[in-house]
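Those sequence lines, one after another, are chains R and V. Quick note: the first sequence uses my numbering, first residue 1, plus one each step. Quick note: the second sequence uses my numbering, first residue 380, plus one each step. Heads up: the structure comes next, in structure tokens.
2 protein chains.
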Amino acid sequence: MSPSQNKDILVGIVGVGLVGGELVKQILSINKAKNPFKIVLLSSSRKALYTSPENAITDSEGWKAKFDASAEKAELSKFGGYLAGLVAQGKGRKAVIVDNTSSEDVARLYPEWIAQGLSVATPNKKAFSGEKKTWDAILAASDSEGGGRWLNESTVGAGLPVINTLKEMLGSGDKVKKIEGVFSGTMSYIFNNFSAASSDAPKPVFSEVVKVAREKGYTEPHPADDLNGFDVARKLTILARTVSALSHSQTKLPELESFLDVQTQSLIPAPLEGLASGDEFVGKLPGFDEEFNKLREEAAKEGQVLRFVGVVDVEAGVVKAGLEKYPVTHPFATSLGGSDNIIMFHTERYSPRPLIVQGAGAGAAVTAMGVLGDLLKLV
Amino acid sequence: MSPSQNKDILVGIVGVGLVGGELVKQILSINKAKNPFKIVLLSSSRKALYTSPENAITDSEGWKAKFDASAEKAELSKFGGYLAGLVAQGKGRKAVIVDNTSSEDVARLYPEWIAQGLSVATPNKKAFSGEKKTWDAILAASDSEGGGRWLNESTVGAGLPVINTLKEMLGSGDKVKKIEGVFSGTMSYIFNNFSAASSDAPKPVFSEVVKVAREKGYTEPHPADDLNGFDVARKLTILARTVSALSHSQTKLPELESFLDVQTQSLIPAPLEGLASGDEFVGKLPGFDEEFNKLREEAAKEGQVLRFVGVVDVEAGVVKAGLEKYPVTHPFATSLGGSDNIIMFHTERYSPRPLIVQGAGAGAAVTAMGVLGDLLKLV
């Protein structure tokens, strides 16, 4: 075994759809002489491809065909053992599993993988925003002797430097007072168009904005899956738990049993709650345009706009998501556009003016970039 | 030697003034059980304190008195050998030198230190923005077998996630088209006040704004040291060189022999060029208020404001700093305030809307935080 092999970072990739495929492309775009990553495991929900480190995936054109030709079934329970076994064979080797799915089943395995010494890098929010016992198990496994790391930059704001900025603030002893932002690209697009800062901008009805957003692919197939606010609640849960876990002193934040504990305002009109069909939902939404018009008018009278924001108020001990009003001169009104995310960190050091990060918070390329940024931390 | 000692990261700190003192405080604030950092060397320009890893500095109250009591002279040339020697004694140990000075003499030693396997973390812009041969030597040393790393997040925007965001973009194969921003807190303060976006904001004369900025400590003792634009030119040099060094393909950016190659517009009125006294400079500045008034009026007629911006235009192959006009609705006009920095990354992936980072770009606490963030990457 040559000394250079000892710096190998073995990569197992679970989920090879849009984000996973983009990640493979980005990993293989790194100059071969300097590329520490060896992709030795690929898996979809159905099949898997295992390779030795010597025969790792290197062909950015042909990898998909090779994967499709594999006859191995995907067995999640085998992945950890396979990678840990390879690590044991090569002194100095490390391994990481990347989870590009949004699966609960995959998320539940993180504690086991981390305890085996594997790191986990993922844009999947489930493990960090779901049941508290999974989150606690991740922290415990990572803190244990020889435990791997959890790397989740892409769970909030995709490739934007949000989670790592927060981790560094907390790690260096800064005190977070409040994090607030527009965390959903869908909600951003909807309200940037429905309630624009400029007074001469068009004033479309709410249902029309949602319809167009859906047609452009900015919403889930069923827009209620965005309008329920759960995506924002999950992101806030991740931020709040990170603050609690990494703060140098106790905070007033509530212990969230899951993202359902976040005070979340749903924008689904009550009579449309539970409709199974996205088409039917969109068809009936115009019946509620008057309510949204009224909210917009009330805000406009005060020189304000509507934005769907999430807040982790550490000082007040509150975590909440909902519709809020902001003056037309506020960055959430003026600076925001498209389907951008914007996140403000108010901390002891960034005070009175916050640290602000803004930009696209979704999309395969920027999500994969956030994951690869995490992988580069293992080098 | 116990196994836990093998994960030690030995830290030598050169410069124990405002930033250095804050860094020591932040390092020692980390929970002792989890703190991988052992401060084994402290140095000012005059004296030094060496300790063994077993007797590393741990007393956040008493360290300064202990340092002041040291009789050892500061000999820069000894630091590398001292730390490399300690690394050699403990398997798995790493070491890093933090340079909190703005000294050219310290900067010139980076290549030697990095070649010895030590990493360098620093807010000092000199090495990365000065003579090209020093920069080339840093890259070569770091690329060599066993070379250490160069970590310079705090050289641009202090603790804001600028350099690492850029490194991750480039490392994952994104193509940077243009970076533009307000990179000087001093220039930000001056023009946010001189040329405010709001039409009913006060319209002070230029010399008055500079005078107040100086009294508040926002400028150097001699304001010409800010108004010459060199601080911005140095930051642009660092960004441009980073883009050139880490892009996956050749760029059109010029090879900068030093920051003096950046097209930089000086705001020092020609007749005041070379005045030795800051007081005299400020006293004579009112004679040039009319010129600045005229610029502001011209911009206002077009609905624009003045901002001193830096641009690394990768597509055009241009690196320049100077006074530019921006519409009052532009983030440089509306979102900016105080002495904030704002940086926009236009890339292939962040297109058409850029990734934006904004916040305080100077100050001991946020600068030290940026350095500690870099140190945490070594863990």
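Where a beta carbon is used, it is the ideal one built from N, C-alpha and C, also for glycine.
Give the straight-line distance between the Cα atoms of I13 (chain R) and T621 (chain V), rounded to the nearest whole angstrom. 30 Å
Candidates R:V312, R:L267, R:G148, of which the one nearest L166 (chain R) by Cα: R:V312
Under 8 Å by Cβ, that's how I've got L376 (chain R) and E547 (chain V) pegged, so tell me the actual separation to the nearest angstrom. 7 Å
Taking DSSP as the reference, what is the three-state secondary structure of K406 (chain R)? For chain R, the structure presents residues 1 to 379; residue 406 (chain R) sits outside this window and is missing.
Contact set for P286 (chain R): own chain, Cβ-Cβ below 6 Å, skip 5 residues either direction: S207
Which value, in whole angstroms, describes the spacing of the CA atoms of V736 (chain V) and N164 (chain R)? 14 Å
Backbone secondary structure at Q642 (chain V) - three-state DSSP: strand
Distance check for E483 (chain V) and Y597 (chain V), CA to CA, integer angstroms please. 23 Å
Would you mind working out which of V:P602, V:I558, V:V698 sits nearest D658 (chain V), comparing C-alpha positions? V:P602
Check the Cβ of R728 (chain V) against every Cβ in chain R and list those closer than 7 Å, keeping chain order. A365, V366, M369
Would the region 695-711 of chain V count as touching the region 508-523 of chain V if we require 3 or more Cβ pairs under 8 Å? no
Tell me, please, whether the CB atom of H627 (chain V) is closer than 8 Å to any CB atom in chain R? yes
Span of the alpha helix (DSSP H), counted from its first residue to its last, around A500 (chain V): Careful: A500 (chain V) lies outside any alpha helix (DSSP H), inside the beta strand (DSSP E) at 498-500.
What first and last residue would you give for the beta strand (DSSP E) that runs through T703 (chain V)? One detail in the question is off: residue 703 (chain V) reads as Glu in this sequence, not Thr. Note, E703 (chain V): beta strand (DSSP E), 697-706.
If G130 (chain R) sits next to S249 (chain R), beta carbons under 8 Å apart, how far is it from one beta carbon to the other, in whole angstroms? Contact flag wrong, Cβ pair sits at about 27 Å.
Using a Cβ-Cβ distance under 8 Å, would S172 (chain R) count as near chain V? yes
In three-state DSSP terms, what is K756 (chain V)? coil
Distance CB(D753 (chain V))-CB(A500 (chain V)) smaller than 8 Å: yes
Going by DSSP, what residues sit across from Y429 (chain V) in a beta bridge? V:L420
In three-state DSSP terms, what is F447 (chain V)? Sequence inspection shows Asp at residue 447 (chain V); the Phe mentioned does not correspond to that position. The answer is helix: DSSP assigns D447 (chain V) an H, G or I state.
For A474 (chain V), the three-state DSSP class (helix, strand or coil): strand
Beta-carbon separation (whole angstroms), F327 (chain V) vs S563 (chain V), contact threshold 8 Å: Here chain V has residues from 380 to 758 only, and residue 327 (chain V) is not among them.
Measuring only the C-alpha atoms, how far is K413 (chain V) from V210 (chain R)? 48 Å
For F281 (chain R), which residues from the same chain have a beta carbon less than 7 Å from its beta carbon, with the 5 sequence-adjacent residues on both sides left out? H222, P223, A224, L272, L275
Please work out which residues of its chain come closer than 7 Å, Cβ to Cβ, to W63 (chain R), disregarding the five sequence neighbours upstream and downstream, and give them in chain order. V24, I57
Suppose the cutoff is 6 Å on Cβ atoms and the five residues either side in sequence are ignored; what does the same chain contact list for P36 (chain R) look like? K7, I9, V379
Using alpha carbons as the reference points, say which of R:E255, R:P269, R:A270 lies closest to K263 (chain R). Here the sequence assigns Gln to residue 263 (chain R), which means Lys is not the residue at that position. Looking at the Cα atoms, R:E255 is the closest of the given residues.
Excluding the 5 residues flanking N694 (chain V) on each side, which residues of the same chain have their C-beta closer than 8 Å to its C-beta? Correcting the residue type first, residue 694 (chain V) is Glu in the shown sequence and not Asn. Closer than 8 Å at the Cβ level, and outside the excluded window around E694 (chain V), lie K556, K557, K631.
Beta-carbon contacts of I268 (chain R) that lie in its chain and below 7 Å, excluding the five residues immediately before and after: A224, L227, N228
Buried or exposed, going by whether 16 or more other CB atoms sit within 10 Å of the CB of G740 (chain V)? buried
Return the Cβ separation of A592 (chain V) and G749 (chain V) in integer angstroms, given the expectation that the two are a contact with Cβ distance under 8 Å. Rounded, the Cβ-Cβ distance is 23 Å, inconsistent with contact.
Could you give the first and the last residue of the continuous alpha helix (DSSP H) run that contains R353 (chain R)? First-last for R353 (chain R): undefined, no H or E at that position.
By DSSP, does N164 (chain R) sit in helix, in strand, or in coil? helix
Candidates V:A427, V:F458, V:G459: closest to A444 (chain V) by CA position: V:A427
Mind checking if P583 (chain V) is an interface residue toward chain R, Cβ cutoff 8 Å exclusive? no
By DSSP's criteria, S150 (chain R) is part of a beta bridge. Which residues make up the other side? It should be pointed out that residue 150 (chain R) corresponds to Trp in this sequence rather than to Ser. The partner list for W150 (chain R) (beta bridge, DSSP) reads R:V120.
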